[in-house]
Structure formats: C-alpha cells, structure tokens
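Quick notes on the structure that follows.
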Amino acid sequence: MAKIKRILVTDDSSTTRGFIKKVLVDAGFQVIEASNGVEALILINREVPDLLMLDLLMPDMDGLEVLEKLKTASIKVPTIVITADIQEQVKEECFELGARDFLNKPVTADTILNSIRKING
63 MAKIKRILVT DDSSTTRGFI KKVLVDAGFQ VIEASNGVEA LILINREVPD
113 LLMLDLLMPD MDGLEVLEKL KTASIKVPTI VITADIQEQV KEECFELGAR
163 DFLNKPVTAD TILNSIRKIN G
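Counting from 1, position 98 in the sequence shown corresponds to residue 160 in our numbering; the numbering is continuous, with no gaps.
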C-alpha cells in the first residue's frame, strides 16, 4: 500500500475536526476537511485521499451511509471510524463495510497517530 499522505477528516463538529487537523498537520500530513457525509463523498471523488477519518453521527448523511456508498461503488479508501457510538453492533457493521480501525471519542493525538501507523504498516 502507498504511504498515507493526504487525509480526509469528516466530522460535523468543527472543534473535533480542528483538533484532528492540528494533530495530523503537526505530524506532516496534508488534511482535507468535510463536515458531513455528502461533502466527504464529493471530496473522495475529487481529491482522492489516502485515508478517510470518519465520524458516524452526522447530519445529511451519516458515516455508515458513507461506508455503504463507498462499498457499493467499490471505492477503496482506508477508513478509520472515530465516534462516540461505542455499541459493539455498530463497530461490527463498520468493519463489515470496510473500516480498518474504530476509535472511540474522545480521541488523543497518540490514539490517532497509532491508528494511522497500524494501517500504514
């Protein structure tokens, strides 16, 4: 797999996006931001990110819908789900839809970077 450089951060909370963006930029990554699933799908097609960091609970289109649409379209973007929804059933569904990791909010810089390292090999 190619080295991860460009990351799309999708979360409806500007505070959460800002925190994750700072962590990623400080670690040398390029960051693209989306505030909902609709924006994320547009940016995935236009910007072709190396990694998607995806919240589940968002307006307009939630993270599960994004994962479903990516799977249906056979678009393979490694995805880390970051959410406050810690139900085991939801976690399993995310993995079935192609998520590579699942992080519970609130996240720390170390948690984020360790997850990326794990995916990056």
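Note that the Cβ used here is the ideal one computed from N, Cα and C, for glycine as well. Bear in mind the structure is a predicted one, so any value in this text is a computation, not a measurement.
Which parts of the segment 88-148 are runs of the beta strand (DSSP E), unbroken and 3 residues or longer, counting only runs that do not cross its ends?
-> 92-96, 113-116 and 141-145
Could you name the residues that DSSP lists as bridge partners for Arg68?
-> Gln92
State the beta-bridge partners of Asp163 as determined by DSSP.
-> Ile142
Can you give me the start and stop residues for the alpha helix (DSSP H) that Asp172 sits inside?
-> Ala171 to Asn182
Is the beta carbon of Ile94 less than 7 Å from the beta carbon of Val139?
-> no
For Ser76, three-class secondary structure by DSSP | helix
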